[in-house]
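Novice: Starting off with a structure, shown below.
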Amino acid sequence: MANEYFMQLALDQAGIAYSKGEFPVGCVIVQGKKVIATGTRQGTAGGGHFFSEIDHAEIRALKLLEASESEFRPEEAVLFCTMEPCLMCYAAIILAGIKKIVYAYEDAMGGGTNCCLSSLSPLYRDAKMEIVPGVLREKSLDLFYNFFNKETNLYWKGSFLEEYTLEQRGSSTRK
Numbered sequence: 273m274a275n276e277y278f279m280q281l282a283l284d285q286a287g288i289a290y291s292k293g294e295f296p297v298g299c300v301i302v303q304g305k306k307v308i309a310t311g312t313r314q315g316t317a318g319g320g321h322f323f324s325e326i327d328h329a330e331i332r333a334l335k336l337l338e339a340s341e342s343e344f345r346p347e348e349a350v351l352f353c354t355m356e357p358c359l360m361c362y363a364a365i366i367l368a369g370i371k372k373i374v375y376a377y378e379d380a381m382g383g384g385t386n387c388c389l390s391s392l393s394p395l396y397r398d399a400k401m402e403i404v405p406g407v408l409r410e411k412s413l414d415l416f417y418n419f420f421n422k423e424t425n426l427y428w429k430g431s432f433l434e435e436y437t438l439e440q441r442g443s444s445t446r447k
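In our numbering, the protein residues as written are 273 to 447.
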């Protein structure tokens, strides 16, 4: 039950991002059943020619740990995210020392958690990471489906991720 509760909080963060026209990714970092940091995706709204590829929800939540009043104990922390972390975020989570990631929706285009760490340097190779996929997946899928169906949202428009997401929603409504 705890995974669903905290994933719902991450989904609430994703809803905030979505309401601002951003890619609907939300993240919460939990330690001892308490949320110690949150993050939303930024830098994807609007019709500009540049989208920020640094302001991911996970990175923003990790940055907030710097200002947190809580004593950060990474071995006890769990990161909840509405989309599977990309390689950049996965590496940052490993470097932060967090040992468990729970995510809702798989990133079929750029997810990093299936990356084989065994051939990398010891810092990454020796990371003991627990990955829990698919928690509240349908709720997260709904947000991404709605995002990709909004004409004003141009981020990843025409991408494999958009195609995959629209197909996933179509296949889950046919069941």
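A virtual CB, placed ideally from N, CA and C, is assigned to each residue, including glycine.
Identify the residues that DSSP records as bridge partners of Cys388: which are they?
Specialist: Counted from its first residue, the sequence shown places residue 388 at position 116. According to DSSP, which records beta bridges pairwise, Cys388 is partnered with nothing at all.
Novice: Cα separation between Glu294 and Arg397?
Specialist: On the sequence shown, position 22 is the one that residue 294 refers to. On the sequence shown, position 125 is the one that residue 397 refers to. Rounded to whole angstroms, Glu294 to Arg397 spans 33 Å at the Cα level.
Novice: Okay, do the stretch 341 to 352 and the stretch 377 to 390 touch, 3+ Cβ pairs below 8 Å being the bar?
Specialist: no
Novice: Determine the contact status of Ile288 and Thr312, defining contact as a CB-CB distance below 8 Å.
Specialist: In the sequence shown, counting from the first residue as 1, residue 288 sits at position 16. In the sequence shown, counting from the first residue as 1, residue 312 sits at position 40. Contact flag set, yes.
Novice: DSSP puts Phe352 in a beta bridge; with which residues?
Specialist: Counted from its first residue, the sequence shown places residue 352 at position 80. The partner list for Phe352 (beta bridge, DSSP) reads Val300 and Val374.
Novice: Considering only residues of the same chain and omitting the five flanking positions on each side of Leu395, which have a CB-CB separation below 8 Å?
Specialist: The residue you call residue 395 lines up with position 123 of the sequence shown. Only Ile366 and Leu367 meet the Cβ criterion.
Novice: According to DSSP, is Ala368 helix, strand or coil?
Specialist: Within the sequence shown, residue 368 is the residue found at index 96, counting from 1. Three-state DSSP puts Ala368 in a helix.
Novice: Which one of Met355, Glu423, Val307 and Ile308 has the shortest CA to CA distance from His328?
Specialist: As a working note, residue 328 is residue 56 in the sequence shown. Out of Met355, Glu423, Val307 and Ile308, Met355 has the C-alpha closest to the C-alpha of His328.
Novice: Could you give the first and the last residue of the continuous alpha helix (DSSP H) run that contains Lys335?
Specialist: Translated into the one-based positions of the sequence shown, residue 335 becomes position 63. Its alpha helix (DSSP H) spans residues Ala329 to Leu337.
Novice: Using DSSP bridges, identify the partner residues of Ile403.
Specialist: Against the sequence shown, residue 403 aligns to sequence position 131. Ile373.
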